[in-house]
Each structure stands twice: as C-alpha cells, then as structure tokens.
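Colleague: Residue numbering for the sequence shown follows my numbering, beginning at 111 and increasing consecutively. Every residue gets a Cβ at the ideal spot worked out from N, C-alpha and C, and that includes glycine.
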Amino acid sequence: MRVLGIAGSPRRGGNTDLLLNEVMRGAASRGAETKIIILNDLKITPCQHCDGCQETGRCVIEDDMRMIYRELKQADRIVLASPVQFMGVTAPMKAMIDRCQALWVSKYQLNLPPLGNQRPRKGLFIAVGGQRAANMFEPALATVKVIFRVLDITYAGGLLFSGIDKKGAISKRPELLHQAFTSGQQLITDLSSEKQNY
Ligand SMILES: Cc1cc2nc3c(=O)[nH]c(=O)nc-3n(C[C@H](O)[C@H](O)[C@H](O)COP(=O)(O)O)c2cc1C
111 MRVLGIAGSP RRGGNTDLLL NEVMRGAASR GAETKIIILN DLKITPCQHC
161 DGCQETGRCV IEDDMRMIYR ELKQADRIVL ASPVQFMGVT APMKAMIDRC
211 QALWVSKYQL NLPPLGNQRP RKGLFIAVGG QRAANMFEPA LATVKVIFRV
261 LDITYAGGLL FSGIDKKGAI SKRPELLHQA FTSGQQLITD LSSEKQNY
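(1) Would you report the Cα separation of Ile146 and Ala185, rounded to the nearest angstrom?
(2) Using the three-state DSSP reduction, which class does Tyr308 fall into: helix, strand or coil?
(3) Would you mind stating whether Thr309 and Asp174 have Cβ atoms separated by less than 7 Å?
(4) Using DSSP's beta-bridge definition, name the partner residues of Val189.
(5) Going by DSSP, which residues form a beta bridge with Gln195?
(6) Between which two residues does the beta strand (DSSP E) carrying Gly267 extend?
(7) Heavy atom of ligand 1 less than 6 Å from the Cβ of Val133, yes or no?
(8) Shortest alpha-carbon distance to Gly239 belongs to which of Pro224, Thr126 and Val260?
(9) If I measure Cβ to Cβ from Thr292 and keep anything under 7 Å in the same chain, skipping five residues before and after, which residues do I get?
(10) With DSSP run on the structure shown, which of helix, strand or coil describes Glu165?
(11) From Ala142 to Glu181, what does the alpha carbon distance come to, in whole angstroms?
(12) Output the distance between the C-alpha atoms of Leu287 and Gly118, rounded to the nearest integer angstrom.
(13) With a CB to CB cut of under 8 Å and the five nearest residues on each side skipped, what residues in its chain are close to Pro223?
(14) Could you compute how far the alpha carbon of Met177 sits from the alpha carbon of Ser281?
(15) Could you give the residue range of the alpha helix (DSSP H) that holds Thr126?
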C-alpha cells in the first residue's frame, strides 16, 4: 500500500510540510510505503491548453509531471498539502492540478480510467491559512475536491487549520500535529477494511 504525499508550499519545513510529515509518519506506522513529492523543487509547466492530449489522454509536455502521473497511478492514498494563498492552493499545486487535464480527457472523452487502473483510492487535503475567516478554505477545498473526483479518488477528509501563519507556528500546536498523525493511521486503516470488501 502506497501513500503519496504532494507538498505544495514553497516554504520548506513550513506548516503544511510539518503536517504532511506527521500524516506520513502515521501511515508508515501502520505499514504503508510512503513518498513525498515537493512540487516547488520540480519543473511543472502550466497547462498550455494546446489540446495535445485530446487524442490520447497523454500530455505532450515533457517535464517532471511525467513522474507525477506515474506516482499517482501507483498510489493507493494521495495526500495533497498546500497553504492557502490568496484563497486558493499555491501556484505549484495549481499547476500540477491543471496538468491533470490530460487525465480529465482520458476519463470524460476517451472513457478510460483516469489513472489507468481502478484500484480504490482515497485522498486527504492538508491546508493552513494565516487568517481566521469564515469559509476561508472553501475555494481551495473546491479545487481539491474536483481533482479528486476527476481522478476517482474518494475525498477522505481535510486537516484545515486557520490562524497558522509564521513558519513553524504549527509546532506550537501539538494537538494538531497529533491529529495529523492519527489521520495518517486512519487512511491506512480504511484501506484494510476495504480490502475485506473487495
Ligand atoms: C502569497 C501568499 C498569499 C497568502 N494568502 C493567504 C490567504 O489568502 N489566506 C490566509 O489565510 N493566509 C494566506 N497566506 C498565509 C499562509 O497561508 C500562511 O503563512 C501559512 O502558514 C503558510 O504555510 P506554509 O508554512 O506551509 O507555507 C498567504 C501567504 C502568502 C505567502
């Protein structure tokens, strides 16, 4: 069982990174194989809407997104982590999501499974924001729910924490880090119970 974590913050060791690490530690403690991809270290060209994927469901741009398509296909659980930036996910995360347009074409125009196989997948969303405002996670969450739906990934829930701004501020909230750890464990527990059903 593979858990793929995708880190969307440009700030290494920041709040979402720390939460993502805890989720992955929780998953690993239940025997999962974990991998974290740091989007800010990669070259992911924004979708050019060139329609190069229309016939094949395969993006024609040659960059690090190739590796991410592979990793998504191999994963049983996908954890997206992004701080809120101007109400949305970060630019690297949005670029990665937009490049999944090729997989949208696969699914809705070519009638193929978007990730090439039908294994049951679940996804978790980690987000933090500096503000404390009503509905502040809704725009980012809407984007994440859409990409999960397109990729046939069941939304398993979110760790959405407001009022977290300075680098490392989440470290002063051990109860939230613990919640992240147990969420990682829960993601894997769900998989075991699914295996009994399939
Ligand atoms: C460009 C930029 C835009 C931001 N926009 C928002 C925002 O719209 N709402 C909010 O609550 N926080 C906003 N923030 C604050 C970050 O979400 C916050 O500092 C967060 O803790 C950063 O997480 P990280 O350490 O994982 O990068 C913004 C920060 C930056 C740099």
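Modeller: In short, the structure shows the following:
(1) Going by the C-alpha atoms only, they are around 11 Å apart.
(2) Note that Tyr308 scores a pLDDT of 33, beneath 50, so its modelled location is shaky; the value from the coordinates is reported in the next line. Of the three classes helix, strand and coil, the one that applies to Tyr308 here is coil, per DSSP.
(3) Coverage of the chain is limited to positions 111 through 308, which leaves residue 309 absent and any answer about it impossible.
(4) Answer by DSSP bridge pairing, in chain order: Gly115 and Leu234.
(5) According to DSSP, Gln195 bridges with Gly198.
(6) That run of the beta strand (DSSP E) goes Ile263 to Phe271.
(7) Answer for Val133: no, Cβ out of range of ligand 1.
(8) Residue nearest to Gly239 within the set Pro224, Thr126 and Val260 is Thr126 (criterion: CA-CA distance).
(9) Closer than 7 Å at Cβ, skipping near neighbours: Gly136.
(10) Coil at Glu165, not helix or strand.
(11) CA-CA distance, Ala142 to Glu181, rounds to 15 Å.
(12) Rounded to whole angstroms, the gap between the alpha carbons of Leu287 and Gly118 is 18 Å.
(13) For Pro223, where only same-chain residues beyond five positions count, the Cβ hits under 8 Å are Ser216, Lys217 and Asp262.
(14) Taking C-alpha positions only, Met177 is separated from Ser281 by approximately 31 Å.
(15) First-last of the alpha helix (DSSP H) with Thr126: Asn125 to Ser139.
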